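A.B. asks: So the protein sequences, as listed, match chains C and W. Add 21 to the 1-based position in the first sequence for this note's numbering, that's all there is to it. Add 9 to the 1-based position in the second sequence for this note's numbering, that's all there is to it. Ideal placement from N, C-alpha and C gives every residue a C-beta, glycine not left out. Just so it is clear, the structure is predicted and the values come from calculations on it, not from any experiment. Structure incoming, see below.
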Amino acid sequence: MSVANGIAAEIAAKVAETGPQLDSIEMHGPPPDSIHAGAWRGLRFLPKRIFQTVFRSVPYPTRPRLIRIGSPNRQSPVLVTTNYDLTVRRVCRALFGMDCYLLVAPSGGIDVWCAAGGGRFTVDSIISILKTSRIAELVDHRRLVLPELCANGINMFEVRRRTGWTAVFGPVEAADVQEYVTTKKRTEKMIRVTFLPRERLEMGTAMWGSLSLRYSIFPFLAFGPRGAAWFVAILAAFSAIMSLACFQLPGKTFIQKAAVFGLPAMLAVPLGQLWVTGHLSWLTFEIETILLVATYFVGASFASYSPLWQCGYSKLFFGYPDLELSIVEEDCIGCKLCDQVCPVECFSPTADGKVVFSQPDLCEGCMACLIQCPTNAIINEIAVEHQRLSQCG
Amino acid sequence: MAVILMKIFEESPRKFDRWMHLLTFGRLQQIRDEILQTVQPGSRFLEIGCGTGALATMLAQRGARVVGIDVSDKMIETAREKLEEAGLSGQVEARRLHGLQLEDAFLAAEFDHVLSVLALSEMTDDEIDCLLPQCRKVLQPRGKLILVDEVIPDKFFSRAVYGVYRFIARLVTYLGLQAAEIKKASLLTKVLYFLIELPLILLTFLVVPAATHPLFRLEQRVERSGFRVTSSKSYLGGTLKLLLAERA
């Protein structure tokens with residue numbers, strides 16, 4: 022028997038031993054519906070994109086799988102993300118030009134932050150994708166780069182203990198991954214969340230879609246289809262104003278901020294109509310009511326769609342109180358992991374090499390620090406259950 | 010039979026077994042009895058997805074040594090408590106382990122029987138195809154694989170009826186799980202929640218895949234992973250299957 026035959030027999034024996042090969046490796050480079058597919062072919066996916074933009078709060082699963090980006094070798098980095106279709110598409114696009122493996126872990130079609138916070142993206146998801154993708158046979162190292170925003174659900178030490186793979190947290194944004202992989206350093210910019218105008222507008226659209234879907238029934242019941250149409254239109258305008266001007270508007274709470282543009286609008290409508298037609302009509306009353314309701318909803322909801330402020334919604338329906346974190350000084354070993362996983366900037370180092378919870382006002386209660394702390398030095402004064410802080414997942 | 014409804018009751022492990030009994034119209038016990046007949050004292054069982062350890066306890070009472078694994082912390086905790094109460098902690102080991110880590114956690118040929126009741130339907134197709142070869146690995150030669158699970162019926166008519174039934178069961182489950190999330194809220198908040206959330210909940214329901222899915226062509230998949238199917242029995246109009254296979 023020749024050497025080649027021997028190798029073939031060996032492979033055949035191995036396949037027989039390990040069972041059928043999975044077709045989980047199915048993609049090279051960005052997915053077919055990314056911008057690189059060309060404008061016309063991309064149009065096919067337009068309905069999906071509109072759905073994902075307007076109904077951002079609705080999951081959109083894609084198949085958990087292994088994606089090869091570029092032409093990875095046995096030393097290439099292994100990145101992990103969740104199986105929300107939009108996330109996968111954006112991560113692939115951001116990684117374009119790199120050579121690496123991307124593991125799309127099962128998480129119920131929810132994005133990284135929400136899935137990890139809501140208990141859908143767990144160490145079990147990582148085990149599942151590690152095993153089904155057979156990534157261990159493809160690379161020599163045992164190192165996973167997790168997105169930083171899964172720190173609120175996935176304990177890096179637990180990943181190590183249960184899978185044998187070392188997990189490290191990468192940057193928040195997929196766009197920074199290339200820089201992170203080449204420099205192997207996480208800069209301050211990489212580890213904090215941003216809320217740029219483009220992102221704000223995106224979340225404003227998501228809020229508009231979600232609020233319209235939820236509440237349009239009430240103006241419809243009260244004033245008929247015309248009322249519902251006015252409601253959706255006013256919500257669109259208010260969402261746009263709120264998302265673009267959320268930092269500039271005066272006011273402590275978001276309801277106050279919403280009132281800054283909502284109340285003048287309520288004043289302007291009857292005055293304007295009086296000026297033009299000389300009398301008020303039933304429509305004025307309709308629009309006044311709708312303006313009032315829309316102002317309240319936009320103000321009450323906006324924080325839930327931001328990466329910077331605590332979700333007001335979870336307090337309302339689920340009765341979760343604000344977190345009151347504190348650090349037990351004796352237990353703190355000064356590893357600064359809490360600061361490294363904090364999406365805002367709550368922690369600061371002290372002179373004696375430890376960490377203090379210096380900016381509690383910024384805390385949005387994601388609990389990443391609480392979950393990651395290796396010595397459990399961070400405690401929550403209000404003993405809420407560890408899991409499910411906000412209505413994530 | 011709609012296994013999916015069991016997702017609601019997983020939140021309260023203590024009541025879980027009674028509900029499972031009702032959901033399967035008592036057939037589960039019948040199947041368990043059938044499995045118990047194959048037990049010989051001293052044989053080694055691995056149960057994947059042991060839940061609260063009801064079947065593992067019965068197996069142990071017949072003299073088998075059982076290792077039960079489950080991914081749910083809550084279930085394993087309850088199983089341990091129950092085993093302690095029954096005085097079977099020596100014979101049954103309940104472990105929190107992901108099913109796909111069998112090959113890492115156990116030696117080759119460590120078990121005479123690998124058993125799984127209503128656990129495969131909670132996995133994706135890729136996961137099942139990854140799990141079955143691992144089951145083969147930890148089984149000794151001529152060891153037995155015993156699978157009980159929800160399957161898609163073979164006959165066209167029952168398939169259609171079952172599809173409708175399952176859709177309704179899925180919806181009930183989904184709403185039930187949503188209700189469980191706001192268990193602590195007051196009645197008024199609950200009503201308000203469902204009133205305003207219903208459109209979003211229904212949209213999500215239509216988009217996300219079901220938490221469990223009935224298996225399709227189970228026999229072929231098992232054979233493809235290196236087993237020989239020795240017997241297969243259907244229950245509840247062909248929607249629940251007991252499959253015995255031997256390591257080929």
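1. Grab me the residues of W:HIS107's own chain with a C-beta within less than 7 Å of its C-beta, minus the 5 sequence neighbours each way, in chain order.
2. With a threshold of 16 other CB atoms inside 10 Å of the CB of W:ARG175, please say whether the residue is buried or exposed.
3. Ends of the alpha helix (DSSP H) at W:ILE177?
4. For W:GLN110, return the contacting residues in chain C, with the cut-off set at a CB-CB distance below 9 Å.
5. Which residue from W:ARG256, W:SER241, W:LYS164, W:LYS16 puts its Cα closest to that of W:PRO150?
6. Taking just the CA atoms, how far does W:SER167 sit from W:GLY246?
7. For W:LEU141, collect the residues of the same chain with a Cβ closer than 7 Å to its Cβ; drop the 5 residues on either side in sequence, then sort them by chain order.
8. Just checking: is the beta-carbon of W:GLU43 within a distance shorter than 8 Å of some beta-carbon in chain C?
9. Could you check the C-alpha separation between C:PRO80 and C:THR298 for me, to the nearest Å?
10. Using a threshold of 8 Å, state whether the C-beta atoms of W:GLU93 and W:VAL75 are closer than that.
11. Below 8 Å on the Cβ atoms is my contact criterion, and I expect C:CYS390 with C:VAL349 to pass it. Report the Cβ-Cβ distance as a whole number of Å.
12. Is W:SER52 helix, strand or coil when you go by DSSP?
13. Looking at the strands, I want to know which residues DSSP matches up with W:GLU102.
14. Considering only the alpha carbon of each residue, which of W:PHE115, W:LEU154, W:MET67, W:VAL217 lies closest to W:LEU129?
15. Nearest to W:LEU204 by alpha carbon, out of C:PHE216, C:TYR236, C:LEU292, C:ARG207?
16. My assumption, with CB atoms under 8 Å, is that C:PHE318 sits in contact with C:CYS267. Please give the rounded CB distance.
17. What does the alpha-carbon distance come out to for the pair C:GLU309 and C:ALA321?
18. Which residues does DSSP pair with W:SER125 in a beta bridge?
19. So is W:GLN39 buried or exposed if we call it buried at 16+ other beta carbons inside 10 Å?
20. From the DSSP secondary-structure annotation, give me the bridge partner or partners of C:PRO82.
21. Which residues of chain W have a Cβ atom closer than 9 Å to the Cβ of C:GLY130, listed in chain order?
22. Are the beta-carbon atoms belonging to C:ALA398 and C:CYS353 less than 8 Å from one another?
23. Which residues in the same chain have their Cβ closer than 7 Å to the Cβ of C:GLN393, if we skip the five residues on either side of it in sequence?
24. Using the beta-carbon count (16 or more within 10 Å), is C:GLY355 buried or exposed?
25. Are the C-beta atoms of W:ASP135 and some chain A residue less than 8 Å apart?
26. Return the CA-CA distance between C:SER146 and C:ARG181, expressed in angstroms with no decimal places.
27. On the DSSP bridge assignment, give the partners of W:GLU255 in chain order.
28. Terminal residues of the continuous alpha helix (DSSP H) containing W:LEU196?
29. Report the three-state DSSP secondary structure of C:VAL75 (helix, strand or coil).
30. Could you check what DSSP says for C:ASP44 in three-state terms: helix, strand or coil?
31. Can you check whether the CB of W:THR87 is closer than 8 Å to the CB of W:ARG41?
32. Using beta carbons (cut-off 8 Å, strictly below), is W:PRO208 in contact with chain C?
33. Could you compute how far the alpha carbon of C:GLU209 sits from the alpha carbon of C:LEU151?
34. Could you tell me which residues DSSP pairs with C:ALA126 in its beta bridges?
35. Put C:ALA136 into one of helix, strand or coil per three-state DSSP.
36. Do C:LEU124 and C:VAL101 come within 8 Å of each other at the CB atom, strictly closer than that value?
C.D. replies: According to the structure data:
1. VAL80
2. buried
3. 165-190
4. ILE148, LYS152, ARG183, THR184
5. W:ARG256
6. 7 Å
7. ARG230, VAL231, SER234
8. no
9. 47 Å
10. no
11. So it is not a contact: roughly 13 Å between Cβ atoms.
12. coil
13. W:VAL76
14. W:LEU154
15. C:TYR236
16. Rounded, the Cβ-Cβ distance is 15 Å, inconsistent with contact.
17. 18 Å
18. W:ILE57, W:LEU156
19. exposed
20. C:TYR105
21. VAL216, VAL217, PRO218
22. yes
23. ALA172, ASN176, MET177, LEU358, CYS359, VAL362
24. exposed
25. Of the chains in the structure shown, none is chain A; the protein chains are C and W.
26. 14 Å
27. W:LYS153, W:ARG237
28. 196-216
29. helix
30. In this prediction, C:ASP44 has a pLDDT of 35, which is less than 50 and means its spatial position is unreliable; what the coordinates show is noted afterwards. Three-state result, C:ASP44: coil.
31. no
32. yes
33. 30 Å
34. C:THR103
35. helix
36. yes
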